[in-house]
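> Got a structure for you, written out below as structure tokens; questions coming shortly.
There are 4 protein chains.
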Amino acid sequence: MTPPLRYAMVGGGTDAFIGGVHRLAAALDGRAVLTAGALSSTPQRSLDSAKTLGLDPDRSYESYQQLIERETARPETERVDFVSIVTPNHLHHPVAKACLEAGLHVVCDKPFTMTSAEATELRNLAAQRNLVCAVTYNYTGYPLVREMRSLIESGDMGPIRKVYAEYHQGWLATPLENTGMKQASWRADPERAGIAGALGDIGTHAENLVSFVTGLEIESLCADLTSFVPGRALDDDASVLLRFKGGAKGTLTCSQVCVGEENGLTLRVYGETGALIWRQENPNVLQQTFLDGDRRLITRGGDRSPSATSATRLPPGHPEGFIEAFANIYRGVCDAIEAKRAGRADAHNLTPTAVDGERGVRFVERCVQSARKGASWVRWSD
Amino acid sequence: MTPPLRYAMVGGGTDAFIGGVHRLAAALDGRAVLTAGALSSTPQRSLDSAKTLGLDPDRSYESYQQLIERETARPETERVDFVSIVTPNHLHHPVAKACLEAGLHVVCDKPFTMTSAEATELRNLAAQRNLVCAVTYNYTGYPLVREMRSLIESGDMGPIRKVYAEYHQGWLATPLENTGMKQASWRADPERAGIAGALGDIGTHAENLVSFVTGLEIESLCADLTSFVPGRALDDDASVLLRFKGGAKGTLTCSQVCVGEENGLTLRVYGETGALIWRQENPNVLQQTFLDGDRRLITRGGDRSPSATSATRLPPGHPEGFIEAFANIYRGVCDAIEAKRAGRADAHNLTPTAVDGERGVRFVERCVQSARKGASWVRWSD
Amino acid sequence: MTPPLRYAMVGGGTDAFIGGVHRLAAALDGRAVLTAGALSSTPQRSLDSAKTLGLDPDRSYESYQQLIERETARPETERVDFVSIVTPNHLHHPVAKACLEAGLHVVCDKPFTMTSAEATELRNLAAQRNLVCAVTYNYTGYPLVREMRSLIESGDMGPIRKVYAEYHQGWLATPLENTGMKQASWRADPERAGIAGALGDIGTHAENLVSFVTGLEIESLCADLTSFVPGRALDDDASVLLRFKGGAKGTLTCSQVCVGEENGLTLRVYGETGALIWRQENPNVLQQTFLDGDRRLITRGGDRSPSATSATRLPPGHPEGFIEAFANIYRGVCDAIEAKRAGRADAHNLTPTAVDGERGVRFVERCVQSARKGASWVRWSD
Amino acid sequence: MTPPLRYAMVGGGTDAFIGGVHRLAAALDGRAVLTAGALSSTPQRSLDSAKTLGLDPDRSYESYQQLIERETARPETERVDFVSIVTPNHLHHPVAKACLEAGLHVVCDKPFTMTSAEATELRNLAAQRNLVCAVTYNYTGYPLVREMRSLIESGDMGPIRKVYAEYHQGWLATPLENTGMKQASWRADPERAGIAGALGDIGTHAENLVSFVTGLEIESLCADLTSFVPGRALDDDASVLLRFKGGAKGTLTCSQVCVGEENGLTLRVYGETGALIWRQENPNVLQQTFLDGDRRLITRGGDRSPSATSATRLPPGHPEGFIEAFANIYRGVCDAIEAKRAGRADAHNLTPTAVDGERGVRFVERCVQSARKGASWVRWSD
């Protein structure tokens, strides 16, 4: 076993949700150790959180600028290997840019940036510097999502005709952002969340899942965005019609006002000769059907494709969940960094990158553009 | 128990599918007895089918014209009480019109007619003659669909925000119509099916279910229709964005090329304070959720609303299915006829009528209109 | 289509549950018409029920004795073809015996008789008179139960090792018999129900299902019977260990105090190379697994065995339920009667007979014998 | 955050399954760090595994004796805080005994020991030395298992009447132990596994789950053990009837020859007024039903009991699985050790201890005793 990589976290103080998930995910395989942090935009809170997490005070920073400056001042054998950015959306770009410019690999939450221009800049920067710039589309880490991708690549399902992607939640069915609840408040604020609400927060996951699993490219789309909760500035619901290059079609719906839905991310893909259905809330089962009526339940952990198998830690019947999938992203990041350092190709690494992040931001922009024109059709390439 | 009503069937020969279902449904409660028939558009086949079904040769007719003529020539105490029309779509209007003009109550399969003008004509005719003109939107006969309607009417779910209606099948994923298979061939033929394929055949069921359960009225829609199977003249797939009066929104998707899907009609309704989910393939369970996270499984047969209870024959745990639901439509037809004869109001009769049939045809027309304009938005009222 | 058979019903007045189910089942295919009845042990109630059901007053009888006497006095072309016995258990034997002695075919509810000696007598009588004597183990009428039998017969599952049969209900979790509820009161009364409660009422269904599906024969058993509800004279819960001839083993549990269970009849069969699982409450799906981890969902209506296909009325995805399965028993009875009259062999008729009924009664006797000896092991053949 | 505890592992080399699971579980929360190991009974393999895992060579030991000797020779501030024992069963007792005698806290896999006398010895030893001696009944770590316990404790379900516990697997349906597969070979060997096979391996989990959730105590039992696979020395299947003190009854079945079953641990508990059903393979849902027919799905992560909530890391809809549950055991161990050191009471710590381990071994002994007497009834207290 190679020694674990050191990472720093920007954002993700102890009062945030997603920072803790990143830490659990990074810890699971012992491949990455949290070594430094600028855990809040408020200096004191940043230090307090670092203390709570037991970080070395020397590496507990007041700001991301300080973090980058001091870490890069350390000898290479000591400095952090990469930085995880888990701030509200509007800070992704400045922090990632500063990290990449300082030669630090980056892991960034989604949506990647506020604009696609920013995303393109980061993508180019990472490429120029030969740095890893991963985006945590964590649902791609589920073994059966990888199996789905592999089965479609194999051609067994035939050319894809129709895709249904859904990401339905209910937690914003009331104006939670007015209660002071932190996660809700920044997500509903255009200054910090960007031009989209539910669409940016979860619609991008659904878009990414479609792309990751099917490889299809959107040609045009028609998006109807709604803010159902009175006074909400951003969409809390979106229904999108999709047309893909090559003739396939799809619908993508996301919502945060579907009362009773917890984390209902679902992907259904219908090809000419077979179909696959996967539901995130029961992630250890994948349903496969064929033209002749054969209907199979594929369970995680059995005799699966290499990409699914390598993402699996436990035998069949021992459920794996959200953290394990998320940990596969961190594992892929570590693999990617180690491969770069060793000058190795890393062709089979499925970890989403700035390319995926950029595509997700463009997806949001196109949907908002469509919605502003009365939910009319918009071409991807325009 | 009142003596059973007598009915005649037009179409539905022994080589058809849906005719047999109508006969099973009518037989279940012993409320209606098949007494006469013009079971095929081919006279000899009509007589052959009648013989196979054991119909009285005197009441086995060569054509629907003959059926109407001779039955109405019989004394009122002997003639058929109503006529079930289960022909391909293009014959619904002429047969129904002739029946109504002859003073016979009508049960007609869906889609009701080829055009909304025809539908309006039948609706008016039925009203003028004070005749029952039912349309067999059979899924409204499921007890838990009626429970869903009742729960929404009660206000417990709050005002509706979002509706997802799906009807996904896979049986036309290949060009079955070229194999001589009767059901496939007429459904794929614009002369007999009308301007729509999957949309008319099953999309109308989904539209009706939304209307029946929620009472929402479509204000505008945007429909993307596709013929995925090469050479197919009509759509075999449709994705429709819906905007309802009052601000609710929805998606309605129907497809007959979703490999592996059997009869996947599903309705999900999200209100401000609760939600309901029902799936036709497992019709004895209804999921209800609330804002506070409470999640209930409502099973058929327990302590339900009057409309659900009266549609239920068996205690909980004893599954009821498609025929039982369909039989509730026939039961409603018999109730409606008896009420009319007795001069009784029949306010609680939920059996779909020409009004529903007409709305369904208009839905098809609006979707096709949208599709022809590049899947642009079309107002219902235009 | 041959003309329908005429049948009489003994028991099953309009205040009973199961009589109505029998009538629905018999009506579904139009193969049998209710023509006469002695619907209650109380003469006046019997006549009242007959009137409500619209029976010919001439054939509405005050007692089963009267029914048999007068029906057999009619010319053969008019008299009823068979008699359905749906009384409380204690009357099964006298009524069935009288019918068979009068030359009338019999359909009898389960448990067949109060003692196995009575069952043997009826079985012999039916054989001697060459009469049909069917027992309504209705769950064998489900198409996928027949598919399960067929798959095991084919050898694909390998020799059976372990069987789990369950029939769990909750409706008697409180002393419902003290409330005057008719179905509960006779079932809890040893005079009318026999030596067993839940075991006789539903345990026999589970035993029959095991036998029908697997063909295994019980060699010995160990039964722990309990009356959980204070004051209840008969068991309301039973757990039985089974050893079959040839080395297979099993457990059979039945209960009527499992709060929340509706009609939870489930059969799981594990062979050396494959396994099958079926649940009555979702009867249109059968799960099949294999040694190599392959896991299939078999749905009703697809490409199935002849015995399953002939028991199916609707295509896949159109749920069939309890009545349809029950109707398959009546269809089998009609087939059997017609085969006997035509002197035809009827080898593929799967309708349960007095042989099954007798085995079920012996099963109850052996369980009670075991329970009385402190739940010790009892050999079937003793 | 307190600094993490240091632990050593005995057994669990890189070719074993369960050792890796323990390491993942201990790592998840960062509460315990693997610091030393004697990872195999073969010295060289032990060192090789330690190297692969990146252990300090100074703390990579050739034997557990060496580990205990050298670790206890270190200053208290450096030595390991506890030892995880994940060897084959026959080594649990000698290793645990040596650890406890050396003053080291212990975490031991199940079944705890080969005999109940050994278990009692360890239990007493731990008590005398005031040391933690946990047994990894890991399924008690699932949040909804703790919720189930809490709901029963609250009295909402009423006094328990009937319990069904199952643990069905299929991986030993063939003589896998003859293929050299390590996990299978020692589990089928009485020298290393003890007097029971499936019963010891997984039946003990089922027994523990019943005890943990319901608090019921077994009064007597009747166990039918079988070795279905030819040549297998130990049971691969067991069916056990249970009678609990106070009148409740139950069945417990476990099997490793149920083809197609992966890790089918299920618990169903029926009380006088309500019931609870939980299935390990879908562990984020708990079904609750009530006398009045109300049927609820309780999901993990919502508004649950304190014991469930504290065992939960993620919000509803973000699945947690096997590792997370297992990690809760390690978290409990760390809490228990810290509480002992601080002299704090630790009343709410639900981590299973030697008391549970001892009861599990006695359960195995009683079942084997019953089986050897022809599956007759055996009293727990004899």
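First to last, the sequence lines map onto chains A, B, C and D. Under the numbering used here, read the first sequence as residues 6 to 387, first letter to last. Under the numbering used here, read the second sequence as residues 6 to 387, first letter to last. Under the numbering used here, read the third sequence as residues 6 to 387, first letter to last. Under the numbering used here, read the fourth sequence as residues 6 to 387, first letter to last. Glycine is no exception: its CB is placed at the ideal position from the N, C-alpha and C atoms.
1) Judging by CA-CA distance, which residue of Ser-216/B, Ser-315/B, Leu-109/B and Gln-374/B is the nearest neighbour of Leu-72/B?
2) Note down, in chain order, every chain B residue with its Cβ under 8 Å from the Cβ of Cys-339/A.
3) Below 9 Å between beta carbons is the criterion; list the residues of the region 29-42 of chain B that meet it against any residue of chain C, in chain order.
4) Can you name the residues of chain A whose CB is closer than 9 Å to the CB of Arg-301/C?
5) Using a Cβ-Cβ cut-off of 8 Å (strictly less than) and excluding sequence neighbours within five positions of Ile-200/B, which residues of its own chain qualify?
6) Give me, in chain order, the residues of the same chain whose beta-carbon lies closer than 6 Å to that of Ala-31/B; leave out the 5 immediate sequence neighbours on both sides.
7) Using Cβ-Cβ distances below 7 Å, what residues of the region 241-263 of chain B are close to chain A?
8) Looking at the strands, I want to know which residues DSSP matches up with Phe-4/A.
9) Pick out whichever of Asp-242/C, Glu-224/C and Ser-225/C has its Cα sitting closest to the Cα of Ser-232/C.
10) Go ahead and label Ser-248/A buried or exposed: buried means 16 or more other beta carbons lie within 10 angstroms of its beta carbon, across all protein chains shown.
11) When DSSP builds the beta bridges, which residues end up paired with Ile-303/C?
12) How about Leu-226/A and Ile-165/A: do their beta carbons lie closer than 8 Å?
13) How is Cys-227/B classed by DSSP in three states: helix, strand or coil?
14) Answer with buried or exposed for Asp-61/B, where buried requires no fewer than 16 other C-beta atoms within 10 angstroms of its C-beta.
15) Where DSSP assigns a beta bridge to Gly-199/B, which residues make up the other side?
16) So, helix, strand or coil for Asp-242/B, using DSSP?
17) On the criterion of 16 or more Cβ atoms from any shown chain inside 10 Å, does Ala-313/C qualify as buried, or is it exposed?
18) Within the same chain, show all residues whose beta-carbon is closer than 7 Å to that of Ala-376/D, passing over the 5 residues directly before and after it, in chain order.
19) Is Asp-161/A close to chain C, meaning its C-beta is less than 8 Å from at least one C-beta of that chain?
20) Tell me whether Thr-145/A is buried or exposed, calling it buried when 16 or more other Cβ atoms sit within 10 Å of its Cβ.
21) Which one of Gly-298/A, Glu-286/A and Leu-291/A has the shortest CA to CA distance from Val-290/C?
22) Counting Cβ pairs, one atom from each stretch, are 3 or more of them under 8 Å apart for the region 150-164 of chain A and the region 263-275 of chain A?
23) Tell me Ser-46/A's beta-bridge partners as DSSP assigns them.
24) Give the straight-line distance between the Cα atoms of Ser-155/D and Thr-219/D, rounded to the nearest whole angstrom.
25) For the putative contact between Gly-24/C and Gly-17/C, defined by C-beta atoms under 8 Å, what is the C-beta separation to the nearest angstrom?
26) Near Asp-340/A, which residues of its chain fall below 7 Å by C-beta distance, leaving aside the five closest residues on each side in sequence?
27) Can the beta-carbon of Ile-328/C be found closer than 8 Å to that of Glu-286/B?
28) At what residue ranges does the region 51-117 of chain A contain a whole run of the beta strand (DSSP E), taking only runs of 3 or more?
29) Excluding the five sequence neighbours on either side, which residues of its own chain have a C-beta within less than 7 Å of the C-beta of Asn-135/B, listed in chain order?
30) Along the chain, where does the alpha helix (DSSP H) that runs through Ala-280/A open and close?
31) Could you have a look at Lys-254/D and say whether DSSP puts it in helix, strand or coil?
32) Looking at the secondary structure, which residues open and close the beta strand (DSSP E) in which Ile-165/A lies?
33) Looking at the unbroken beta strand (DSSP E) that takes in Tyr-12/A, where does it start and where does it end?
34) Who are the near neighbours of Asn-143/D in its chain, counting only those whose CB is closer than 7 Å to its CB and skipping five residues on each side?
35) When you compare only the Cα positions, how much space is there between Trp-176/D and Val-264/C?
36) Can you give the beta carbon distance from Arg-50/A to Glu-363/A, rounded, assuming they're within the 8 Å contact cut?
So, from the data block:
1) Distance check between Leu-72/B and each of Ser-216/B, Ser-315/B, Leu-109/B and Gln-374/B places Leu-109/B closest, using alpha-carbon atoms only.
2) The contacting residues do not exist; Cys-339/A stays about 37 Å from chain B at best.
3) Residues of the region 29-42 of chain B with a C-beta atom less than 9 Å from some C-beta of chain C are Leu-29, Ala-32, Leu-33, Asp-34, Gly-35 and Leu-39, listed in chain order.
4) Taking the beta carbon of Arg-301/C as reference, the chain A residues within 9 Å of it are Asp-299, Arg-300, Arg-301 and Leu-302, listed in sequence order.
5) Correct list, in chain order: Met-119, Leu-239, Val-369, Glu-370 and Val-373.
6) Result list for Ala-31/B: Ala-37 and Tyr-335, in chain order.
7) So the list reads Asp-242, Ser-244, Leu-246, Lys-254, Thr-256, Thr-258, Ser-260, Val-262 and Cys-263, given in the order they occur along the chain.
8) Missing from the structure shown is residue 4/A; chain A here goes from 6 to 387 and no further.
9) Nearest in C-alpha terms to Ser-232/C, of all of Asp-242/C, Glu-224/C and Ser-225/C, is Asp-242/C.
10) Ser is not the amino acid found at residue 248/A; the sequence shown has Arg there. Buried is the label assigned to Arg-248/A, since at least 16 other Cβ atoms lie within 10 Å of its Cβ.
11) For Ile-303/C, the beta-bridge partners assigned by DSSP are Leu-291/C.
12) Their beta carbons are not under 8 Å apart, which means Leu-226/A does not touch Ile-165/A by this criterion.
13) Three-state DSSP puts Cys-227/B in a strand.
14) When all chains shown are included, Asp-61/B counts as exposed.
15) Beta-bridge pairing links Gly-199/B to no other residue.
16) The DSSP-derived three-state label of Asp-242/B is strand.
17) Classification for Ala-313/C: buried.
18) Taken in chain order, the residues that qualify are Ala-228, Asp-229 and Leu-230.
19) No, Asp-161/A lies away from the interface with chain C (no Cβ there is under 8 Å from its Cβ).
20) Buried, since its Cβ has 16 or more Cβ neighbours within 10 Å.
21) The shortest C-alpha separation from Val-290/C is found at Gly-298/A.
22) Taking one beta carbon from each stretch, the region 150-164 of chain A and the region 263-275 of chain A have 3 or more pairs nearer than 8 Å; the two touch.
23) Beta-bridge pairing links Ser-46/A to no other residue.
24) Note on geometry: alpha-carbon atoms of Ser-155/D and Thr-219/D lie some 9 Å from one another.
25) 2 Å between Cβ atoms; contact.
26) Excluding sequence neighbours, Asp-340/A sits near Asp-351 and Asn-354.
27) It is not a contact, given that the beta carbons lie outside the stated cut-off.
28) For the region 51-117 of chain A, the continuous beta strand (DSSP E) assignments of 3+ residues that do not extend past its boundaries occur at 87-91 and 110-113, in sequence order.
29) Closer than 7 Å at Cβ, skipping near neighbours: Lys-345.
30) Run containing Ala-280/A: none in the alpha helix (DSSP H); it sits in the beta strand (DSSP E), 279-284.
31) Taken through DSSP and simplified to helix, strand or coil, Lys-254/D comes out as strand.
32) Taken as a continuous stretch (DSSP letters only), the beta strand (DSSP E) holding Ile-165/A covers 165-173.
33) In the DSSP assignment, Tyr-12/A falls within the beta strand (DSSP E) that extends over 10-16.
34) Result list for Asn-143/D: Ala-330, Phe-331 and Ile-334, in chain order.
35) Distance between the alpha carbons of Trp-176/D and Val-264/C: 33 Å.
36) The beta-carbon separation of Arg-50/A and Glu-363/A, rounded to 31 Å, does not stay under the 8 Å limit for a contact.
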